[in-house]
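Residue numbers 8 to 627, in the numbering used here, belong to the letters of the sequence shown in order.
Note that CB positions come from ideal geometry on N, CA and C, so glycine has one too.
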Amino acid sequence: MIRRITSWRIPVRRALLAGFLITCVAPLAGLWYWSFSAILQNETDEVRERHLLLAQNIGTALERYHGDLVTTFDAFADRIGSGAEPSYARSLFRKLEFRHVCTFDWETGMFVNGFLDVFEPCPTVLAPEMARYFRAMTEATPEKTAISHVHITDHGEPLVYLVRKAEQRLVVGALRTIYFRRLASRIGFGQRGYAAIVDHTGRVLAHPLAAWEQEARNLSDISPVRKMLAGESGVDQFYSNALNGEMIAGYAAIEGTGWGVMVPQPVAELEAAAGRMVQSGLIVLAVGLGLAIALALYLSARFVRPINNVAAAARLMAAGETGTRVDTTPRAQPFKELAGLADSFNDMAERIQAAQEAEKTLRLNAEQAATAKSQFLAVMSHEIRTPMNGLLGMAALLGTTELDDRQRLFTDKLMESGNGLMRLLNDVLDYSQIDAGKLQVAAVPFDLAEVVTSVADLMRLEAEANRTRIDVDLRRIGDTRLIGDQYRVRQVLLNLVSNAVKFTNDGLIDISVEREISPDLDSLRVKVADTGSGIPEEMRGKIFNDFVQADSSASRPQGGAGLGLAISKRLVEALGGEIGFDTVAGVGTTFWFTLPANRPISEQPPASSEPAKSDQTYAA
Ligand code: ADP
Numbered sequence: 008m009i010r011r012i013t014s015w016r017i018p019v020r021r022a023l024l025a026g027f028l029i030t031c032v033a034p035l036a037g038l039w040y041w042s043f044s045a046i047l048q049n050e051t052d053e054v055r056e057r058h059l060l061l062a063q064n065i066g067t068a069l070e071r072y073h074g075d076l077v078t079t080f081d082a083f084a085d086r087i088g089s090g091a092e093p094s095y096a097r098s099l100f101r102k103l104e105f106r107h108v109c110t111f112d113w114e115t116g117m118f119v120n121g122f123l124d125v126f127e128p129c130p131t132v133l134a135p136e137m138a139r140y141f142r143a144m145t146e147a148t149p150e151k152t153a154i155s156h157v158h159i160t161d162h163g164e165p166l167v168y169l170v171r172k173a174e175q176r177l178v179v180g181a182l183r184t185i186y187f188r189r190l191a192s193r194i195g196f197g198q199r200g201y202a203a204i205v206d207h208t209g210r211v212l213a214h215p216l217a218a219w220e221q222e223a224r225n226l227s228d229i230s231p232v233r234k235m236l237a238g239e240s241g242v243d244q245f246y247s248n249a250l251n252g253e254m255i256a257g258y259a260a261i262e263g264t265g266w267g268v269m270v271p272q273p274v275a276e277l278e279a280a281a282g283r284m285v286q287s288g289l290i291v292l293a294v295g296l297g298l299a300i301a302l303a304l305y306l307s308a309r310f311v312r313p314i315n316n317v318a319a320a321a322r323l324m325a326a327g328e329t330g331t332r333v334d335t336t337p338r339a340q341p342f343k344e345l346a347g348l349a350d351s352f353n354d355m356a357e358r359i360q361a362a363q364e365a366e367k368t369l370r371l372n373a374e375q376a377a378t379a380k381s382q383f384l385a386v387m388s389h390e391i392r393t394p395m396n397g398l399l400g401m402a403a404l405l406g407t408t409e410l411d412d413r414q415r416l417f418t419d420k421l422m423e424s425g426n427g428l429m430r431l432l433n434d435v436l437d438y439s440q441i442d443a444g445k446l447q448v449a450a451v452p453f454d455l456a457e458v459v460t461s462v463a464d465l466m467r468l469e470a471e472a473n474r475t476r477i478d479v480d481l482r483r484i485g486d487t488r489l490i491g492d493q494y495r496v497r498q499v500l501l502n503l504v505s506n507a508v509k510f511t512n513d514g515l516i517d518i519s520v521e522r523e524i525s526p527d528l529d530s531l532r533v534k535v536a537d538t539g540s541g542i543p544e545e546m547r548g549k550i551f552n553d554f555v556q557a558d559s560s561a562s563r564p565q566g567g568a569g570l571g572l573a574i575s576k577r578l579v580e581a582l583g584g585e586i587g588f589d590t591v592a593g594v595g596t597t598f599w600f601t602l603p604a605n606r607p608i609s610e611q612p613p614a615s616s617e618p619a620k621s622d623q624t625y626a627a
């Protein structure tokens with residue numbers, strides 16, 4: 008039997024789908040991931056560049072503003088000595104977003120003169136610490152305007168002071184930070200991107216958080232601010248407490264001013280933008296995936312259906328429906344190779360069908376020939392028996408007449424040979440009838456004990472000639488009544504006992520009957536045990552075959568045609584039992600056969616209406 012291992016096998020459809028997904032979707036996903044990371048990187052680089060550029064642009068504007076402030080203020084201060092107030096100064100200062108410009112006495116700090124003091128008049132005297140502070144500023148750059156860090160006035164306004172010493176006077180310009188704020192407010196990214204400007208101490212000049220401007224918050228603890236104060240420009244990432252998140256900032260130190268501009272943007276915003284790209288990429292991928300799966304399913308279905316058709320047809324063929332064919336129309340077989348497979352299958356089916364039909368014809372012919380042969384044998388042996396009976400009858404009659412010793416010897420030999428020939432004829436007749444399927448068994452009540460006793464009695468004389476005793480043991484069985492064909496049972500038993508007699512000299516033959524009861528069978532077992540020669544090992548497998556004898560040499564003394572056991576086997580099987588033997592060479596042989604006991608009549612094999620043949624006819 009072919010062992011089928013199916014547990015680890017994958018259906019073609021699933022394999023195709025998996026293959027399709029692996030070869031199409033995996034690269035697609037890889038491509039998506041790769042392009043996503045590339046785009047994200049690109050975006051980040053671009054953002055860095057843009058921020059730096061913006062910071063530098065603002066820086067350039069501030070540098071110009073700073074230049075304008077210093078040039079204007081210097082020019083103004085230089086004129087103070089000559090006592091002439093330049094006519095353009097007032098409007099220039101206003102444009103540059105000065106609140107006021109005042110001059111004080113260098114020593115006392117007393118107010119001397121005021122310009123542009125419309126919004127807030129100059130103080131009449133400088134507070135001593137302010138005067139000291141301003142003087143210290145000017146000392147650092149005596150010939151040039153010095154610019155202070157951001158101060159918050161008593162009114163809460165951020166101001167930057169420009170200070171210059173001119174002719175024993177202290178020229179002080181209070182600059183509002185409007186320009187810084189205006190410049191910074193032009194920059195905005197996303198929702199929280201902004202520009203911040205700090206002075207040379209890191210204090211806020213312009214910042215999107217008004218409160219920080221109002222308090223001139225010192226940002227020098229932020230890394231890009233620190234770097235700007237050290238005169239560096241670049242891009243940096245830092246954590247913003249104000250915005251509660253990681254920021255990426257382009258920053259630029261404004262040359263010659265000490266000021267710095269930074270353009271930060273929350274990293275989260277960049278990530279969100281990238282996330283949106285991921286999302287849209289995912290949607291595209293999902294749509295692609297859906298389409299790919301649908302296509303794969305469709306293709307695999309188209310591909311698998313023809314294979315399934317061939318497999319189903321093969322199953323039908325295996326079940327014996329040899330007329331099965333696979334549909335090979337282009338609609339049913341859209342693929343060239345599979346159509347080829349279907350064609351080959353149909354060719355094969357055609358051949359198998361043709362071979363089976365040829366084999367059937369041959370078998371029928373052979374069966375008919377065998378039947379004809381058996382019928383011929385049956386007719387011939389039957390026909391020969393009639394004159395044989397005549398011959399035997401005449402020989403028997405001759406034996407009753409007065410004969411001298413020589414004539415009696417001849418008559419006895421005639422009877423002996425005639426009886427031998429008669430037994431052979433009977434065997435051949437039985438065999439040929441069985442072979443021609445004409446064996447019929449009766450189903451009538453009979454007593455097995457009677458059959459056993461009569462067979463033993465019949466054979467006892469012949470056994471005694473071999474100095475062998477026949478014992479019958481019926482003690483282990485109670486009721487021996489059966490329904491069946493007693494003449495066939497007798498024929499089998501006679502054959503077994505006569506074999507035992509033939510192969511036993513100076514021994515014992517024990518015939519016994521036992522009842523065997525199992526859950527599904529109640530049967531009687533008849534045993535014929537002898538102490539004879541036993542059956543040689545090489546013969547044991549085939550003694551029930553036709554025409555088999557353990558010693559088939561012409562010189563064997565026991566005679567027989569090798570048909571007795573073959574006939575017995577078929578008879579026992581026809582009676583619904585089994586036959587077998589146990590043997591030990593040189594020790595003896597026990598043949599046995601079983602018969603179903605007490606079966607209801609309805610379960611019996613179809614009964615023969617013909618009367619069974621006589622004992623003589625069935626003698627083995
Ligand atoms: P035959 O009619 O020639 O005896 P059987 O079919 O009855 O043919 O037996 C086949 C062979 O089985 C015999 O030739 C014999 O060699 C062997 N055989 C049968 N019964 C016995 C037995 N009781 N003891 C030994 N050999 C036996």
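Taking all protein chains shown into account, Trp599 has 16 or more neighbouring C-beta atoms within 10 Å of its C-beta and is therefore buried. By the beta-carbon neighbour count (other beta carbons within 10 angstroms, threshold 16), Gln244 is exposed.
Selection Thr329, Leu345, Glu104, Glu328 evaluated against Thr336 yields Leu345 as nearest (Cα-Cα). The C-beta separation of Gly571 from Asn502 comes to about 4 Å, placing the pair in contact by the 8 Å criterion. The nearest non-hydrogen atom of ligand 1 is less than 7 Å from the C-beta of Asn502. For Phe510, the CB falls within less than 7 Å of some heavy atom of ligand 1. In the three-state reduction of the DSSP assignment, Tyr201 falls in the strand class. Gln340 is positioned such that its CB atom lies closer than 8 Å to that of Ala349. Distances taken from the Cβ of Thr475 to the heavy atoms of ligand 1 include none shorter than 7 Å. Our two residues, Leu226 and Arg210, have alpha carbons roughly 6 Å apart in a direct line. Cβ-Cβ distances below 8 Å link Ala237 to Ala260 in the same chain, with the five nearest sequence neighbours on each side left out; the list follows chain order. Rounded to the nearest angstrom, the gap between the Cα atoms of Asn433 and Phe510 is 21 Å. DSSP places Ile391 inside the alpha helix (DSSP H), whose first and last residues are 343-407. For Leu216, the secondary structure class from DSSP, reduced to helix, strand or coil, is coil.
The residue from Glu423, Thr378, Val386 with its alpha-carbon nearest to that of Leu399 is Glu423. By a beta-carbon distance limit of 8 Å, Val479 does not contact Gly541. Their separation comes to about 22 Å. Between Ala450 and Ile490, the beta carbon gap of about 6 Å places them in contact (Cβ cut-off 8 Å). Ranked by Cα distance from His158, the options Arg142, Thr184, Ala301 are led by Thr184. Pairwise C-beta distances place the region 129-147 in contact with the region 165-177, as three or more of them are shorter than 8 Å. In this chain, the beta strand (DSSP E) harbouring Lys172 covers 165-173.
In this structure, Leu455 has its CB at a distance of at least 7 Å from all heavy atoms of ligand 1. Under the 10 Å beta carbon count, Tyr201 is surrounded by 16 or more other beta carbons and is classified as buried. With a beta-carbon spacing of about 5 Å, Gly252 and Pro273 fall inside the 8 Å limit used to define contacts. Here the distance from the Cβ of Thr538 to the nearest heavy atom of ligand 1 is not below 7 Å. Per DSSP, the unbroken beta strand (DSSP E) holding Ser519 starts and ends at 515-525. Rounded to the nearest angstrom, the gap between the Cα atoms of Arg312 and Ile300 is 18 Å. Leu582: not part of any beta strand (DSSP E); DSSP gives it neither H nor E. The continuous beta strand (DSSP E) containing Ser247 extends over residues 241-247.
When distances are taken from the beta-carbon of Phe600 to the heavy atoms of ligand 1, even the shortest one reaches 7 Å or more. Ranked by Cα distance from Ala280, the options Phe588, Asp85, Ser44, Gly116 are led by Ser44. With three or more CB-CB distances shorter than 8 Å, the region 173-181 counts as touching the region 110-124.
Taking 8 Å as the cut-off, the Cβ atoms of Asp437 and Ile574 count as close. Residue range 595-603 is occupied by the beta strand (DSSP E) that includes Gly595. Rounded to whole angstroms, the separation of the alpha carbons of Ala275 and Tyr186 is 30 Å. When the Cα atoms are used, Ala96 and Thr131 turn out to be separated by approximately 22 Å. Nearest neighbour of Gly584 by Cα position, chosen from Arg547, Met466, Arg532, turns out to be Arg532.
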